[in-house]
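Sequences listed follow chains A and B, in order. Residue 1 is where the first sequence starts when you use the numbering used here, and the numbers rise one by one after that. Residue 1001 is where the second sequence starts when you use the numbering used here, and the numbers rise one by one after that. In what follows, a single structure is set out as structure tokens and then discussed.
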Amino acid sequence: MESHIPHSHRLWLYLLVGILLAFLILPSLLVVPMSFNHSTLMVFPPQKWSLRWYNNFLSNSTWLDSFFISLKVAVLTMIVATPIGVAAAYSLHAGSFRLRRLIEFILTLPMLVPVILMAIGLFFVYARLSMVNSILGLVIAYTLLAIPFVLITVSAGLKTYDMSQEMVARSLGASWVVAFLTVTLPQIKLSVISGALFAFIIAFDEVVIAQFLSGGSNSTLTKVMFASVRDEIDPTIAAVSTILLFVTILPPLLLHIVANRKRG
Amino acid sequence: MNDQGLSGAVPQGLNAAGIADDIRRERRNLRLLASPALVLVLVLIVGPMLWLFYLSFYNEHGQFTFEHYARMLDEGAYLSIFWTTFEVSLIVTVLCALFGYPLAYLLAQLPARWANVLMLGVLVPFWTALLVRTYAWLVLLQRRGLINDTLVSWGIIDQPIALVHNLTGTLIGMTHVMIPFLVLPLYATMKTIDGNLLRASGSLGASPTRAFWDVYFPLSAPGLYAGMILVFIFCLGFYVTPAVLGGGRVIMIAQRIENSVSLYPSWGAASALGVVLLLVTILLMAFGAWISKLARR
């Protein structure tokens, strides 16, 4: 929609939005120069550059181990949550059963229930199954958190897809599974990938559940980092933050660019 | 649109019985596809929430009691936590609306190519790990941080001011986290507004300001309210940012729940607080659903 108001009359709007965008983007990017700062004090701009905080990260087993735990948990969550979420989205899209609204609502609960309550609820359950501090427990918890996000993105993808194509494939003799994999899936690929990325990112950067359900040799990166941010300020956090920033931003950024290219 | 496939057709003719069978099978299979997700959520979220509800009525000796709820009304400490939670959530919601509305408005009016680029400004913080953003604010807002240094060197203030480990820091950090949650639904609503309506109001003599307030704003309001309710709900249960940027001075309900569990293990008290938080959240969701229903009429 084009506006008929001349640009000069909306300078204030452009200015305000410019400031807002700076407010939104710049703070997170600040951790990048901070991480190359030589000083132990967090002065900005840094007087002297160095890689010492990255060395610290790489030579400290607490940091390094927790990074790999987080990576493992995030990849596993992506592998588990994506098919579960895609199946649910497909079922809700193609099915015409009653209670669909209710099921949709139940499946978005993990997004709406305060995460602190989910954390203590899961802690109750896991304590009885001795699953506290286990990789499996974390993967299940993050799969729960990821389900609504996969569901929403894949449902949006399915809305732009014409289901009768799958019907055609099936009426020509393809089995349901083959029809889905060869006809439907390639066309909703982008939404499935972004759902999977959501699952990965959610598992990689979640903090509260990690406080309760991870620990010992299975502490996640966010658990170690949260303690560090809250209790003492170790500049290694700047290096860790930069790594975390790239791990969580780059994949969706690339996807965003690819998706917009495709649309034209 | 959703009724394609066998499940939508009404069987007729010679093999009606066979087709009806197929339809039943297809429906069952479709339902089965949703069941893993459904079972997970029911067993691991709904179940524990009911358990929490149950626990909140029992004391440590296993006797039925209302003491956990009674304490909330009697003790000033609890009331001040409720008040802080409400106050912080409300201010952050209003700030998000004030800043998010112009942002979504401009994004919705720009040509797609530009909108996609500027949208990154909303999406990048949305994707950035929460802890990274919180840490970045801690660095920026501290006594000798970039903001204090700049303000002092520009002569705006003489002494560094306390921007973090207090309410100010909490509000700044939380607003930063929540703005995308307001902008995304609002932007989606604004994209559906028909530009011809504005042109029509203009041709009927309305000034741009009048056209905005009488035509555009009411049409965008459902998206604004939806976003505000979402932000408010997320704020109520927010833990990380207030815990770090509040520096122990801003205690909201989620931190109190965490304290009750980890500092002095009191599941009953934590559960009762959890139940209150959950009930308020559910009421707000119902309120949000009611508003969007009103708007659709």
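Even for Gly, the Cβ is constructed at its ideal location relative to N, Cα and C.
query                                                                                                                                                                                                   : result
In terms of residues, what are the limits of the alpha helix (DSSP H) holding residue 324 (chain A)?                                                                                                    : Chain A is shown from 1 up to 264; residue 324 (chain A) falls before or after that span and cannot be answered.
If distances are taken between C-alpha atoms only, which option among B:1241, B:1278 and B:1274 comes closest to residue 1134 (chain B)?                                                                : B:1241
Pick from A:93, A:235 and A:123: whose alpha carbon is nearest that of residue 1138 (chain B)?                                                                                                          : A:235
Identify the contact partners of residue 1270 (chain B) in chain A, using a Cβ-Cβ distance below 7 Å as the criterion.                                                                                  : 120
Out of A:56, A:174 and A:211, point me to the one whose CA is closest to residue 265 (chain A)'s CA.                                                                                                    : Outside the shown range of chain A, which is 1 to 264, sits residue 265 (chain A), and nothing can be said about it.
Decide if the stretch 1195–1214 of chain B is in contact with the stretch 1232–1250 of chain B; the criterion is three or more beta carbon pairs, one per stretch, under 8 Å apart.                     : no
Assuming residue 225 (chain A) is part of the alpha helix (DSSP H), what are its boundary residues?                                                                                                     : 221–231
Report the three-state DSSP secondary structure of residue 161 (chain A) (helix, strand or coil).                                                                                                       : coil
Helix, strand or coil: how does DSSP classify residue 1066 (chain B) here?                                                                                                                              : coil
Quick one: is residue 218 (chain A) buried, meaning 16 or more other Cβ sit within 10 Å of its Cβ, or exposed?                                                                                          : buried
Checking the sheet assignment: what are the DSSP bridge partners for residue 49 (chain A)?                                                                                                              : A:37
In chain A, which residues lie with their C-beta within 8 Å of the C-beta of residue 1075 (chain B)?                                                                                                    : The premise fails here: residue 1075 (chain B) is roughly 20 Å from chain A at the closest Cβ pair, so nothing lies under 8 Å.
Using only the alpha-carbon positions, how far apart do residue 251 (chain A) and residue 127 (chain A) sit?                                                                                            : 35 Å
Considering Cα atoms alone, identify which of A:209, A:200, A:249 and A:237 is closest to residue 78 (chain A).                                                                                         : A:200
Going by DSSP in three states, residue 1058 (chain B) sits in which element: helix, strand or coil?                                                                                                     : strand
Any idea what DSSP makes of residue 1258 (chain B), helix, strand or coil?                                                                                                                              : helix
Assuming residue 103 (chain A) contacts residue 117 (chain A) (C-beta within less than 8 Å), just tell me the rounded distance between them.                                                            : About 21 Å separates the two Cβ atoms, so there is no contact after all.
Counting pairs of Cβ atoms below 8 Å between the stretch 221–235 of chain A and the stretch 153–163 of chain A, do you hit three or more?                                                               : no
Quick check: residue 1034 (chain B) and residue 87 (chain A), are their CB atoms within less than 8 Å of each other?                                                                                    : yes
For the putative contact between residue 255 (chain A) and residue 194 (chain A), defined by C-beta atoms under 8 Å, what is the C-beta separation to the nearest angstrom?                             : 6 Å
Are the CB atoms of residue 198 (chain A) and residue 246 (chain A) nearer to each other than 8 Å?                                                                                                      : no
Secondary structure at residue 1098 (chain B), three-state DSSP: helix, strand or coil?                                                                                                                 : helix
Rounded to the nearest angstrom, how far is the Cβ of residue 1232 (chain B) from that of residue 1284 (chain B), given a contact under 8 Å?                                                            : 6 Å
With DSSP collapsed to three states, give me the class of residue 987 (chain B).                                                                                                                        : Since the first and last residues shown for chain B are 1001 and 1297, residue 987 (chain B) lies out of range.
What span of residues does the alpha helix (DSSP H) with residue 1231 (chain B) cover, start to end?                                                                                                    : 1217–1236
My output table needs one value for residue 109 (chain A): the three-state DSSP class, helix, strand or coil.                                                                                           : helix
Using the rule of at least 16 other Cβ atoms within 10 Å of the residue's Cβ for burial, across every protein chain shown, is residue 1185 (chain B) buried or exposed?                                 : buried
Determine whether the Cβ of residue 1007 (chain B) lies closer than 8 Å to any Cβ atom of chain A.                                                                                                      : With a pLDDT of 48 at residue 1007 (chain B), under the threshold of 50, the modelled position of this residue cannot be trusted, and the question is left open.
In whole angstroms, give me the CA-to-CA distance for residue 71 (chain A) and residue 204 (chain A).                                                                                                   : 7 Å
Three-state secondary structure (DSSP) at residue 1295 (chain B)?                                                                                                                                       : helix
Please work out which residues of its chain come closer than 8 Å, Cβ to Cβ, to residue 1072 (chain B), disregarding the five sequence neighbours upstream and downstream, and give them in chain order. : 1078, 1079, 1082, 1272, 1273 and 1276
Within the continuous alpha helix (DSSP H) that includes residue 1148 (chain B), where are the two ends?                                                                                                : 1146–1153
Note down the Cα distance separating residue 138 (chain A) from residue 1045 (chain B), rounded to an integer number of angstroms.                                                                      : 14 Å
Could you spell out where the alpha helix (DSSP H) holding residue 1180 (chain B) opens and where it closes?                                                                                            : 1167–1191
Hey, residue 124 (chain A) and residue 1176 (chain B) are a contact pair by Cβ (cut 8 Å); roughly how many whole angstroms apart?                                                                       : So it is not a contact: roughly 33 Å between Cβ atoms.
Restricting to runs no shorter than 4 residues, where is the alpha helix (DSSP H) found entirely within the stretch 61–100 of chain A?                                                                  : 61–94
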